[in-house]
Amino acid sequence: MNGIQLTRRQRLVIGHLILLGGISVLFWTLFRVSIAQPESVAILKALLAASALFSWVLVGLLLWREPAALWVGIGCIVLPVLFWGFDARAYAGLLVAVFCWWAAAREVSRETEDRLSFSSGRSFAVAKQMGVLGFSILISIGYFLSIRTLSWEDLVSRFELRAGTVEKMATLVGYVQPELAELGQDSRTVDEYLRSLSGLSFLNTSDETLQFEQLNDQVGRLREQGINIEFTGDALTLVRGAAEESSLASGRQQLGELAGRTVSGDEQVSALFAEVLEKKIFAIVEGSRMQERIPDRTLPVFIALLFFLTVWPLALILFSLWSFVAALCIGLFRSWRWIEISRHAALQDRMER
């Protein structure tokens with residue numbers, strides 16, 4: 001009886017899955033080391049391993065034509081996390097990550113079937129959103145399972161908002177309060193932001209007559225209180241700088257109270273917003289802990305969420321590099337004739353002239 005004859009692509013898929021399992025184990029090992037010892041070398045090794053893993057998975061999304069190969073491939077990158085501990089929340093997140101990978105594979109399959117010409121780069125592009133989302137969720141779950149048993153003091157040292165995290169959080173909050181989304185992405189300095197507020201708008205206008213009238217309105221209120229002050233055009237020029245500096249100092253003081261430190265005015269608004277947001281979130285969590293309204297295990301969830309919001313935008317940026325590496329691998333497989341791209345006649349319905 002003759003054995004099962006495998007095509008070159010099927011033999012390549014088997015080898016691909018075996019190598020994928022090795023890369024996955026290597027990544028999760030280095031990733032856990034980087035969490036336990038967050039040093040630059042360990043983090044760099046984990047990042048390189050993550051890049052290799054994601055690029056190799058992208059290659060698989062094109063090679064896995066059989067459903068069994070797809071599920072084995074997804075299992076190779078998900079199963080190692082299951083050995084890190086049991087947590088119902090983490091398992092629920094794993095289901096979401098698996099769905100994202102399945103959806104990414106479906107998008108790649110549709111792209112290769114619907115297009116008349118084959119392009120690995122275009123196929124990878126359609127998997128960008130769901131693939132990166134699934135990968136980010138998966139890494140964040142692994143991060144959560146690693147830190148959930150840490151002490152409160154160890155967790156506090158990891159509570160930090162990155163620039164990309166703030167932008168994502170500001171975008172989400174912006175659906176409810178658009179002005180907060182603008183603050184999270186504002187590249188102006190604090191002084192520039194304060195000057196743009198309505199309270200200082202009269203100091204920046206070029207219409208000195210309007211400025212004089214607005215100042216006289218303020219003087220009029222003082223007269224109603226029994227304070228008699230007269231302003232002339234020359235006085236307007238002299239008082240403009242002092243009034244602006246006084247208003248800026250007041251604004252800096254108010255922002256400083258929110259940030260818990262002295263604000264000089266040359267900080268970026270987005271950076272100060274991140275600092276204030278970080279302190280407020282932590283104050284809420286810390287306060288809830290001290291009042292014993294919620295258990296200590298809530299903080300790991302917050303930190304894992306912030307980690308996800310940091311990893312997600314970073315992965316979107318690195319996707320171009322990862323897809324390039326994956327496309328290069330596909331090109332090598334084609335040149336070595338491990339996979340074949342054949343041409344087929346396409347039927348098309350047309351109305352006759």
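Heads up, the final residue of the sequence shown is numbered 353 in the numbering used here, and it's a clean run with no missing numbers. Idealized CB from N, CA, C, for every residue including glycine.
Please name the residue, chosen from the options, that lies closest to residue i on a Cα-to-Cα basis.
| i | options | result |
| --- | --- | --- |
| residue 328 | 104, 120, 105 and 49 | 120 |
| residue 54 | 42, 88, 19 and 84 | 19 |
| residue 89 | 59, 330 and 140 | 140 |
| residue 15 | 144, 69, 247 and 272 | 69 |
| residue 324 | 123, 78, 310 and 259 | 123 |
| residue 58 | 256, 13 and 7 | 13 |
| residue 193 | 251, 334 and 30 | 251 |
| residue 79 | 29, 67 and 114 | 29 |
| residue 144 | 111, 92 and 117 | 92 |
| residue 355 | 21, 115, 46 and 313 | Only positions 1 to 353 of the chain appear in the structure, and residue 355 is not among them; the question remains open. |
| residue 74 | 32, 99 and 87 | 99 |
| residue 26 | 47, 317 and 60 | 47 |
| residue 245 | 332, 41 and 195 | 195 |
| residue 334 | 118, 36 and 317 | 118 |
| residue 301 | 87, 11 and 32 | 87 |
| residue 11 | 31, 32, 41 and 60 | 60 |
| residue 138 | 115, 41, 42 and 31 | 31 |
Please report the Cβ distance between residue i and residue j, rounded to the nearest whole angstrom; I am assuming they are in contact, meaning their Cβ atoms lie under 8 Å.
| i | j | result |
| --- | --- | --- |
| residue 76 | residue 146 | In fact, because the Cβ distance is near 20 Å, the residues do not count as touching under 8 Å. |
| residue 62 | residue 330 | 6 Å |
| residue 149 | residue 265 | Their Cβ separation, rounded to whole angstroms, is 43 Å, which puts residue 149 and residue 265 out of contact at 8 Å. |
| residue 308 | residue 136 | 6 Å |
| residue 259 | residue 248 | 16 Å between Cβ atoms; not a contact. |
| residue 322 | residue 8 | Not confirmed; about 25 Å, so no contact. |
| residue 304 | residue 132 | 17 Å between Cβ atoms; not a contact. |
| residue 142 | residue 81 | 5 Å |
Run the CB neighbour count on residue i, radius 10 Å, all protein chains shown included, and call it buried at 16 or more, exposed below.
| i | result |
| --- | --- |
| residue 310 | buried |
| residue 107 | buried |
| residue 290 | Reliability of the predicted coordinates at residue 290 is poor, the pLDDT of 41 falling under 50, and the value obtained from them is presented with this limitation in mind. Counting Cβ neighbours within 10 Å, residue 290 comes out exposed, since fewer than 16 surround it. |
| residue 341 | exposed |
| residue 95 | exposed |
| residue 38 | exposed |
| residue 49 | buried |
| residue 97 | buried |
| residue 326 | buried |
| residue 56 | buried |
| residue 85 | exposed |
| residue 4 | exposed |
| residue 6 | exposed |
| residue 64 | buried |
| residue 270 | buried |
| residue 263 | buried |
| residue 66 | exposed |
| residue 294 | Here residue 294 scores only 40 on pLDDT, less than 50, and its place in the model should not be relied on; the value that follows carries that caveat. The residue is exposed, with fewer than 16 neighbouring Cβ atoms inside 10 Å. |
| residue 191 | buried |
| residue 111 | buried |
| residue 299 | buried |
| residue 336 | exposed |
| residue 257 | exposed |
| residue 34 | buried |
| residue 275 | buried |
| residue 44 | exposed |
| residue 319 | buried |
| residue 306 | buried |
| residue 332 | exposed |
| residue 83 | exposed |
If we count Cβ pairs, one from each stretch, closer than 8 Å, do we get three or more for the stretch 127–140 versus the stretch 96–104? Yes, since at least three Cβ pairs between the stretch 127–140 and the stretch 96–104 fall closer than 8 Å, the two stretches touch.
Continuous alpha helix (DSSP H) assignments of at least 4 residues falling wholly in the stretch 29–67: Counting only runs of 4 or more, we get 40–63.
My parser needs the alpha helix (DSSP H) runs of 4 or more residues fully inside the stretch 86–126; what are they? Segments of the alpha helix (DSSP H) lying fully in the stretch 86–126: 88–114 and 120–126.
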